[in-house]
Amino acid sequence: MSAAQTIHDTGAVCRLDQLSPERGAAVLIGERQVALFRIDDAHGPTVYALDHRDPFTGANVLARGIVGTTGDRWYVASPLHKQRFDLATGECLDDETIRVDVHTVNIVDAHVHVDA
Amino acid sequence: MQTPGLRTRLVVVGHGMVGHRLLTELAEREVLDRFDVTVFGEEPRQAYDRVALSSFFDGATADDLSVVVPGFAETHGVRVVSGDAVVAIDRSAKTVTAASGEVALYDHLVLATGSSPFVPPMPGHGLPGCFVYRTIDDLEAIRDWSARDDVRTGVVIGGGLLGLEAANALRLLGLEPHVVEMAPRLMPVQLDDGASTALRNHIESLGVIVHTDARTSEIAAGPTGSVQRLVLDGADPIDAGIVVFSAGIRPRDELARGCGLAVGERGGVVVDDTMTALDDPNVSAIGEVAAIEGRCYGLVAPGYDMAAVVAARLAGATGERFVGADLSTKLKLLGVDVASFGDAFGETPRSQSIVWSDAREGVHRKLVVDVETGAVRGGMLVGDADGYQTLRLMASGDVPTPEDVRGLVAPASDGGGVAIGPDSLPDVAPVCSCENVTAGSLREAVSEGSHSIGELKSCTAAGTGCGGCLPLVTSLLNCELEKAGVEVSTALCEHFEHSRVELFGLIRFHRHGSWAEVLAAHGTGRGCEICKPVVASILASLGNGYVLEGDRAALQDTNDHALANMQRDGTYSVVPRVPGGEITPAQLIALGQIATDFELYTKITGGQRIDLFGARLEQLPAIWERVVDAGMESGHAYGKSLRTVKSCVGETWCRYGVQDSTSMAIALELRYRGLRSPHKIKMAVSGCARECAEAQSKDVGVIATEKGWNLYVAGNGGARPRHATLLATDLDDDELIRAIDRFLAYYIRTADRLQRTAGWFEELGADVPHLRGVIFDDSLGIADELDADIATHLDTYQCEWTATLEDPDRVARFVSFVNAPDAADPEIVMVSERGQLRPIRDEERGTLVSIR
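Going down the list, the sequences are from chains A and B. Per the working numbering, the first sequence starts with residue 1, numbered consecutively. Per the working numbering, the second sequence starts with residue 117, numbered consecutively.
This is how it looks when you write it as structure tokens:
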């Protein structure tokens, strides 16, 4: 891990084992609400971080959507109106003009660090 | 025919099926605004389905039988006068006079008065206890008379089609039914000796006593002056508490005779092939009262054709002609298929017949074929009418007869069968003869985007009459879709090639208990928001315990995951179960106190319970702890599962109630609570026919009768309302519950995802006999399995909130922020309105004082 990535760390937001595979959870970082998604595969766990706010409704709910794949892309479907957001890029798969912010995540000693 | 600028005054005499069809034909041609229409009907009710009249004894109501779309008259500005018969026509003044004294002027007059039953003038034919079988009023009178204590046997005079229907009615009314027919066999007009014998065997096995070659000399009265027995020539008399005449019909042409119109030798208004009266261009006649070339037609399909001819002419078209009628008939008489089509008796020269007769199975099939070409010309089918639609089209020359004509005569169950592809149907071939829909118009509808049976039915009306053509419509639809390259894929999503139904079968067979097993065995990739909840629901339907256990938690939609319903601002609503809508004052007070303490918005739901809104995720366990302490449990408002069983107070309080509807509703709600299904399920129980619980708009509706319960299924409210279908009548408590068990289990096994019972049942072709067969006669041999499905559900049911609160790890999931378990979402803002809190609206942000 490079020095540049760790400088802006806000400190760990949670332990990795507090996140269930393929089920989001929200964290509060200052006033910012961030949705975390843990995906486990053959390479081990990966955690993605997106803004928790659903841009279509303004409600803070994205962490509570169902996680799925299309091809190799992982996404979360908003629990309100089912628009899908790419976990890696924040792009909305159903409306290319919409995107939510994504944040860099590092896992250090089974703790989750988010650059938000 | 009209003064320029003025609307044509159209008077229709008779509001039966054919009279009403004239109006709908005009409406479809969008010309009704050119007419001032007045329709006179002598019956107290508007047009109804006289063909299905006998279903009245199967529990159908007058409303069920109506063929008039509610609001039709208002929408189209048609004046319908019911319960007022026209008694005179003045053709020079162009007026009709009704019994009420009303006089209506016409520019054009259409006679659609139908026919009346012929009552042979034998001694005693007018005694109390003698009836005819024509109107709902007749049937009500038969029912009331049959309920008398001294009436135990009933006799129908006439062994034709309608006579046999009447005999079945007497049977359903609990009488010993007799049929007396003058000819040597039943249905002498449609069937020959062999076919008639097969039919007779069937109906005798059902307890109908048949007397053929029997001539009635007198109907004799008993000491009370009402009918007591039938005296026959040269045979023993028959005891009869009631006599029903079904000895043919006569056209009701008395109005025409009274105003000097020509009538045929055997009755009926003489018309040409445009249905115009021969001696008055301003008068038309349609239906059973019209005589073309001396002939009257006693079937509804030719009547509909006549209505279309007149409607076209009134709309300004020329050249529309009545070209004769297809007199083919197919019906189920006392559960027996009977069909007759084309030249059924082989009357054309150079024809011969091929017969398949299996007395053991009660099947008799005869085809009449051309000696030289082998082409089918007609036939009669009893006991198994497989292939009727296609055979009928062969007889009319619309489709070619295949080489091996002998293969057609054996039923499919015996290796025969009519395997003709829908592709070989020419466009002109009629597929639905009730609604006169051709293969061509179906193909056109498919190409214009009707890609399901439901869409085809609403677009073309095919299959909405007797429904006998639905198998053919379905195969034609699939064939067209395939040709158009429209993928008829039943794949759930990109991860599963299976439909929900197939996946259900696989999971059940392999006894999978987790998502990982199901995905590894049957899927690809990692799943999505389509397949995950489907698998979660199937696993729950099959009784796999707590819905958030193991890897199943991640499959659930947010509502199932939070065991609450997410609202637009990300808060949740809390809905405790209130079985049957019955709640104690103490529980009401407890809910009120909980709502007060947590500042929840409170509203009564349509399903007779109480919705508490505005709970944040982290508040849910504390709220539910209080609800469970007050003796209530999860209402499963969040799940695709049973919602509520609505009820009225029933006989306990209501002066009209005939059963304890509340207790039944509670029993049903407690039985099916938590049962996971393809979509939500709503039920209701009404304590009498007034139907205050609105059961006929529910997936399962129960209506009390004097003798038990009537069961309705597949109703729906909401955006696509569907009036529920009557499945069974006068069930006792145990019969009712068993029938609902099987209905629900069958639906859960075989419906598509997010398909309500209404859509599912429509996709089954709204096939009531099929569904009755599965539920009551175990026609699929799965009744034991269906019963076991519900038994498993009852064994494994738990209140999901009680189960959650018992386990600290489960409770720990209910936080808004995993790193700040006590923090609330600061952006949830409520404002006060009418004494309660509601979410702030976007335009109000920054302008109002926030309350919390």
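Virtual Cβ for every residue (Gly too), placed ideally from N, Cα, C.
Beta carbon of Cys647 (chain B) nearer than 7 angstroms to that of Leu608 (chain B)
As a first step, residue 647 (chain B) is located in the second sequence; it is residue number 531 there, counting from the start. As a first step, residue 608 (chain B) is located in the second sequence; it is residue number 492 there, counting from the start. Yes, Cβ-Cβ distance for Cys647 (chain B) and Leu608 (chain B) is below 7 angstroms.
Applying the criterion that 16 or more other CB atoms from any shown protein chain within 10 Å of the CB defines a buried residue, is Gly44 (chain A) buried or exposed?
Position 44 of the first sequence, counting from 1, holds the residue named residue 44 (chain A). By the 10 Å Cβ count, Gly44 (chain A) comes out exposed.
What does Phe933 (chain B) reach in chain A if we use C-beta pairs closer than 7 angstroms?
Within the second sequence, numbered from 1, the residue matching residue 933 (chain B) stands at position 817. The answer, in chain order, is Ala26, Val27 and Leu28.
Against chain A, with Cβ distances strictly below 7 angstroms, would Gly943 (chain B) count as a contact?
Numbered from 1 along the second sequence, position 827 holds the residue referred to as residue 943 (chain B). According to the sequence as given, residue 943 (chain B) is Glu; it is not Gly. At least one beta carbon of chain A lies nearer than 7 angstroms to the beta carbon of Glu943 (chain B).
Quick one: residues in its chain with C-beta nearer than 8 angstroms to the C-beta of Gln33 (chain A), no 5 flanking neighbours on either side, listed in chain order?
To locate residue 33 (chain A), count along the first sequence from 1; it is residue 33. For Gln33 (chain A), where only same-chain residues beyond five positions count, the Cβ hits under 8 angstroms are Ala26, Val27, Asp51, His52, Arg53 and Asn60.
Using the Cα positions of Ala864 (chain B) and Ala77 (chain A), report the straight-line distance between them to the nearest angstrom.
By one-based count along the second sequence, residue 864 (chain B) stands at place 748. By one-based count along the first sequence, residue 77 (chain A) stands at place 77. According to the sequence provided, residue 864 (chain B) is Ile. The question's Ala does not apply to it. Answer to the nearest angstrom: the Cα atoms are 26 angstroms apart.
Note down, one range per segment and in chain order, each beta strand (DSSP E) of at least 3 residues found wholly within the segment 172-209 of chain B.
195-198 and 202-206
Assuming Ala501 (chain B) contacts Lys446 (chain B) (C-beta within less than 8 angstroms), just tell me the rounded distance between them.
Counting from one through the second sequence, the residue named residue 501 (chain B) turns up at place 385. Counting from one through the second sequence, the residue named residue 446 (chain B) turns up at place 330. About 6 angstroms separates the two Cβ atoms, so the contact holds.
Expected contact under 8 angstroms - CB spacing of Cys246 (chain B) and Ile335 (chain B) to nearest Å:
Translated into the one-based positions of the second sequence, residue 246 (chain B) becomes position 130. Translated into the one-based positions of the second sequence, residue 335 (chain B) becomes position 219. Contact flag correct, Cβ pair sits at about 7 angstroms.
Between Thr69 (chain A) and chain B, is the shortest Cβ-Cβ distance under 7 angstroms, so that the two count as touching?
On the first sequence, position 69 is the one that residue 69 (chain A) refers to. Closer than 7 angstroms: yes.
Excluding five sequence neighbours on each side, which residues of the same chain lie with their C-beta closer than 8 angstroms to the C-beta of Val134 (chain B)?
Within the second sequence, residue 134 (chain B) is the residue found at index 18, counting from 1. Ala228, Gly230, Ile402, Gly403, Glu404, Val416, Gly419, Tyr420, Met422 and Ala423, listed in sequence order.
Segment contact flag, the segment 452-462 of chain B with the segment 288-300 of chain B, C-beta cutoff 8 angstroms, min 3 pairs:
no
Please confirm if the segment 784-793 of chain B is in contact with the segment 747-760 of chain B, defined as three or more CB-CB distances below 8 angstroms between the two stretches.
yes
Under the DSSP definition of a beta bridge, which residues are partnered with Asp41 (chain A)?
Counting from one through the first sequence, the residue named residue 41 (chain A) turns up at place 41. Beta-bridge pairing links Asp41 (chain A) to A:Gly44.
Return the residue from the list A:Leu93, A:Ala116, A:Ala110 and A:His111 that minimises the CA-CA distance to Thr104 (chain A).
As a first step, residue 104 (chain A) is located in the first sequence; it is residue number 104 there, counting from the start. Comparing Cα-Cα distances from Thr104 (chain A) to each of A:Leu93, A:Ala116, A:Ala110 and A:His111, the minimum goes to A:Ala116.
Kindly list, in the order they appear in chain A, the residues whose Cβ is closer than 8 angstroms to that of Met682 (chain B).
Position 566 of the second sequence, counted from the start, is the residue given in the question as residue 682 (chain B). Per Cβ cutoff of 8 angstroms: Val61, Arg64, Pro79 and Leu80.
Taking 7 angstroms as the threshold (beta carbon to beta carbon), is Val13 (chain A) in contact with chain B?
Here residue 13 (chain A) is taken as the residue at index 13 of the first sequence, counted from 1. It does; some Cβ of chain B falls within 7 angstroms.
Going straight from the alpha carbon of Cys249 (chain B) to that of Ala511 (chain B), what length do you get?
Translated into positions along the second sequence, residue 249 (chain B) becomes position 133. Translated into positions along the second sequence, residue 511 (chain B) becomes position 395. One point to set straight first is that residue 249 (chain B) is Tyr, not Cys, in the sequence displayed. Straight-line Cα distance between these residues: approximately 32 angstroms.
Look up Tyr504 (chain B) in the DSSP assignment and say whether it is helix, strand or coil.
The residue labelled residue 504 (chain B) in the question sits at position 388 within the second sequence. Here Tyr504 (chain B) sits in helix by DSSP.
Listed in chain order, which residues of the segment 619-644 of chain B have Cβ atoms closer than 8 angstroms to some Cβ of chain A?
Gly641, Arg642, Gly643 and Cys644
Candidates B:Leu784, B:Ala731 and B:Gln775: which alpha carbon is nearest Leu953 (chain B)'s?
Taking the first residue of the second sequence as 1, we reach residue 953 (chain B) at position 837. Of the listed residues, the one whose Cα sits closest to Leu953 (chain B) is B:Ala731.
Which same chain residues, not among the five before or five after Ala555 (chain B), have their C-beta less than 6 angstroms away from its C-beta?
Within the second sequence, numbered from 1, the residue matching residue 555 (chain B) stands at position 439. Residues Leu541, Asp543, Ala545 and Val547 of the same chain have their beta carbon placed closer than 6 angstroms to that of Ala555 (chain B), with the five preceding and five following residues left out of the count.
Kindly list the residues whose CB is nearer than 7 angstroms to the CB of Leu558 (chain B), restricted to its own chain and excluding five residues on each side of it in sequence; keep chain order.
The sequence position of residue 558 (chain B) within the second sequence is 442, counting from 1. The beta carbon of Leu558 (chain B) sits closer than 7 angstroms to the beta carbons of Val547, Leu572, Thr576, Ala578, Val589 and Leu592 from its chain, once the five residues preceding and following it are set aside; these are given in chain order.
Give me the residue from B:Pro692, B:Met682, B:Ala632 and B:Ala636 with the minimum Cα distance to Arg668 (chain B).
Start at 1 with the first residue of the second sequence, and residue 668 (chain B) comes out as number 552. Here the closest residue by C-alpha is B:Ala632.
Partners in chain B for Gln83 (chain A), counting only beta-carbon separations shorter than 8 angstroms
Position 83 of the first sequence holds residue 83 (chain A). In chain order: nothing, as chain B lies at least about 11 angstroms away.
Around the Cβ of Trp769 (chain B), are there at least 16 other Cβ atoms within 10 angstroms (buried) or fewer (exposed)?
Position 653 of the second sequence, counting from 1, holds the residue named residue 769 (chain B). By the 10 Å Cβ count, Trp769 (chain B) comes out exposed.
How would you label Glu91 (chain A), buried or exposed, when you count the other beta carbons within 10 angstroms and need 16 or more for buried?
Against the first sequence, residue 91 (chain A) aligns to sequence position 91. Under this definition Glu91 (chain A) is a buried residue.
Under 7 angstroms between C-beta atoms of Ala497 (chain B) and Leu322 (chain B):
Within the second sequence, residue 497 (chain B) is the residue found at index 381, counting from 1. Within the second sequence, residue 322 (chain B) is the residue found at index 206, counting from 1. The question names Ala, yet the displayed sequence has Leu at residue 497 (chain B). Not closer than 7 angstroms, so no.
Can you find at least 3 beta carbon pairs, one from the segment 606-623 of chain B and one from the segment 636-647 of chain B, that sit closer than 8 angstroms?
Result yes; three or more Cβ-Cβ pairs closer than 8 angstroms.
List the endpoints of the continuous beta strand (DSSP E) containing Ala455 (chain B).
As a position in the second sequence, residue 455 (chain B) is number 339, starting the count at 1. For Ala455 (chain B), the enclosing beta strand (DSSP E) stretches over residues Val452 to Gly458.
Would a C-beta distance cut-off of 7 angstroms place Glu734 (chain B) and Ser932 (chain B) closer than the cut-off?
Position 618 of the second sequence, counting from 1, holds the residue named residue 734 (chain B). Position 816 of the second sequence, counting from 1, holds the residue named residue 932 (chain B). Their beta carbons are under 7 angstroms apart, which means Glu734 (chain B) touches Ser932 (chain B) by this criterion.
Kindly indicate the opening and closing residues of the beta strand (DSSP E) around Glu334 (chain B).
Here residue 334 (chain B) is taken as the residue at index 218 of the second sequence, counted from 1. Counted as a single uninterrupted DSSP element, the beta strand (DSSP E) harbouring Glu334 (chain B) occupies residues Thr332 to Ala337.
Give the range of the beta strand (DSSP E) segment to which Ser467 (chain B) is assigned.
Counting from 1 along the second sequence, the entry for residue 467 (chain B) is found at position 351. From DSSP, the beta strand (DSSP E) with Ser467 (chain B) extends over Ser467 to Asp474.
Interface residues of the segment 651-682 of chain B facing chain E [CB-CB below 9 angstroms]:
Structure shown: chain E not included; protein chains present are A and B.
Inter-residue Cα distance where the pair is Ala63 (chain A) and Leu80 (chain A)
In the first sequence, residue 63 (chain A) corresponds to position 63, counting from 1. In the first sequence, residue 80 (chain A) corresponds to position 80, counting from 1. Those two C-alpha atoms are separated by around 11 angstroms.
Using a threshold of 7 angstroms, state whether the C-beta atoms of Trp876 (chain B) and Ala882 (chain B) are closer than that.
Start at 1 with the first residue of the second sequence, and residue 876 (chain B) comes out as number 760. Start at 1 with the first residue of the second sequence, and residue 882 (chain B) comes out as number 766. Taking 7 angstroms as the Cβ cut-off, Trp876 (chain B) and Ala882 (chain B) do not qualify as a contacting pair.
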